[in-house]
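J.: Questions regarding the structure given below will be posed in turn.
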């Protein structure tokens, strides 16, 4: 059984997919599986994936019968995975060669989540979260730490998750909720609330590519409207969750509402 499952949702990513897959295949840590969920791509993405799968038996391809969106596709990837630990990779991003090696060497039985830094490629390459040092937190400490970060650390990338905890999330939410934007926040919030110990590492284990045609950068009014609706839907679901972290929730929800207003201003 592989030690780490790399899950890649793919939808019309022909310009970047080869780089993403090559970065997985070339990992110095070989005991992995690479799970591709083809979300009804209309370009050459599936053909590219099939060509890579011919050369590497660790690649497993699954095809959605209809377009389900990023959230559902990732969740299906988890259900198809075999390893105890899960990492997510977007098809237009890529991993440094030692990402899985460093991740697996950092895993300790008492840790529920590993958070690493990431390189973000825009005009210049910069570190995204800018963690100052390696630290281990309790859930309460981690939530306090998040409120002091410039970025809330909600992306599913640059993290290592435990599959058994993800499956507990699936007991609480509709895994087929059609979300393509803001889905990271929904997923991570549920996951954070299941954690007891969380580690933060300053090392960068991910390369995030600002794709002008991607959802974040896109200026298409139809896509912007869908992003706005998805973000609102995520917030609505999050506000139904009951827990004792009301002070964190108040700050967090306020931040999300500002982001939603920002999207509304772009419509």
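Residue numbers (this note's numbering): 1 to 267.
Cβ atoms here follow ideal geometry from the backbone N, Cα and C, with glycine treated the same way.
Since the model is a prediction, treat every value here as computed from it, not as a measurement.
How would you label residue 82, buried or exposed, when you count the other beta carbons within 10 angstroms and need 16 or more for buried?
T.: Your numbering for residue 82 matches position 82 in the chain shown. It is exposed - the Cβ of residue 82 has fewer than 16 other Cβ atoms within 10 Å.
J.: For residue 228 and residue 210, what's the separation of their Cα atoms in angstroms?
T.: Numbered from its first residue, the chain shown carries residue 228 at position 228. Numbered from its first residue, the chain shown carries residue 210 at position 210. Near 19 Å, if we compare the C-alpha coordinates of residue 210 and residue 228.
J.: Apply the 10 Å Cβ neighbour rule to residue 27 and answer buried if 16 or more other Cβ atoms are within range, or exposed otherwise.
T.: Taking the first residue of the chain shown as 1, we reach residue 27 at position 27. Burial call: buried.
J.: List in chain order: all unbroken beta strand (DSSP E) runs of 3+ residues lying wholly within the segment 34–105.
T.: Listed in chain order, they are 59–63, 85–88.
J.: In angstroms with no decimal places, state the Cα-to-Cα distance between residue 154 and residue 190.
T.: Here residue 154 corresponds to residue number 154 of the chain shown, with the count starting at 1. Here residue 190 corresponds to residue number 190 of the chain shown, with the count starting at 1. Distance between the alpha carbons of residue 154 and residue 190 is about 11 Å.
J.: If you compare alpha carbons, which of 71, 100, 200, 11 is closest to residue 132?
T.: Looking up residue 132 in the chain shown gives position 132. The residue with the shortest Cα to Cα distance from residue 132 is 200.
J.: Note down, in chain order, each residue of its chain lying with its Cβ closer than 8 Å to the Cβ of residue 168, except the 5 sequence neighbours on either side.
T.: Taking the first residue of the chain shown as 1, we reach residue 168 at position 168. Cβ within range, chain order: 194.
J.: Checking 8 Å against the spacing of the C-beta atoms, do residue 118 and residue 16 come in under that value?
T.: As a working mapping, residue 118 is identified with position 118 in the chain shown. As a working mapping, residue 16 is identified with position 16 in the chain shown. No, these two residues do not count as a Cβ contact at 8 Å.
J.: Near residue 188, what residues of its chain come up, given a Cβ to Cβ distance below 7 Å and the 5 sequence neighbours on each side ignored?
T.: Along the chain shown, read from residue 1 onward, the residue named residue 188 stands at position 188. Cβ neighbours of residue 188 beyond the five flanking positions: 154, 156.
J.: With a threshold of 8 Å, are at least 3 pairs of Cβ atoms found where one atom belongs to the segment 91–104 and the other to the segment 26–43?
T.: With the cut-off at 8 Å, the segment 91–104 and the segment 26–43 touch.
J.: Within 10 angstroms of its Cβ, does residue 70 collect 16 or more other Cβ (buried), or is it exposed?
T.: Residue mapping note: residue 70 aligns to position 70 of the chain shown, counting from 1. Buried, because 16 or more other Cβ atoms sit within 10 Å of the Cβ of residue 70.
J.: Tell me which same chain residues have a C-beta within less than 6 Å of the C-beta of residue 175, skipping the five on either side of it?
T.: Mapped onto the chain shown, residue 175 falls at position 175. Cβ within range, chain order: 75.
J.: For residue 158 versus residue 115, is the C-beta spacing smaller than 8 Å?
T.: In the chain shown, residue 158 corresponds to position 158, counting from 1. In the chain shown, residue 115 corresponds to position 115, counting from 1. Going by C-beta atoms, residue 158 is nearer than 8 Å to residue 115.
J.: Throw me the rounded Cβ distance for the residue 266 and residue 235 pair, which I believe falls under 8 Å.
T.: Here residue 266 refers to the residue found at position 266 when the chain shown is read from its first residue. Here residue 235 refers to the residue found at position 235 when the chain shown is read from its first residue. About 17 Å separates the two Cβ atoms, so there is no contact after all.
J.: Excluding sequence positions up to five away, which residues of its chain have a Cβ less than 8 Å from the Cβ of residue 147?
T.: On the chain shown, residue 147 is found 147 positions in, with the first residue counted as 1. The residues are 248, 251, 252.
J.: How would you write the range of the beta strand (DSSP E) that residue 171 sits in, first residue to last?
T.: Here residue 171 is taken as the residue at index 171 of the chain shown, counted from 1. Here residue 171 belongs to no beta strand (DSSP E), and DSSP marks it neither H nor E.
J.: Just to confirm the assignment, what range does the alpha helix (DSSP H) spanning residue 244 have?
T.: In the chain shown, residue 244 corresponds to position 244, counting from 1. First-last for residue 244: undefined, no H or E at that position.
J.: How is the alpha helix (DSSP H) around residue 234 delimited, first residue to last?
T.: Position 234 of the chain shown, counted from the start, is the residue given in the question as residue 234. Where residue 234 is concerned, the enclosing alpha helix (DSSP H) stretches over 221–238.
J.: Would residue 35 pass as a contact of residue 80 if the rule is Cβ separation under 8 Å?
T.: Start at 1 with the first residue of the chain shown, and residue 35 comes out as number 35. Start at 1 with the first residue of the chain shown, and residue 80 comes out as number 80. Yes; because the gap between Cβ atoms is below 8 Å, this pair is in contact.
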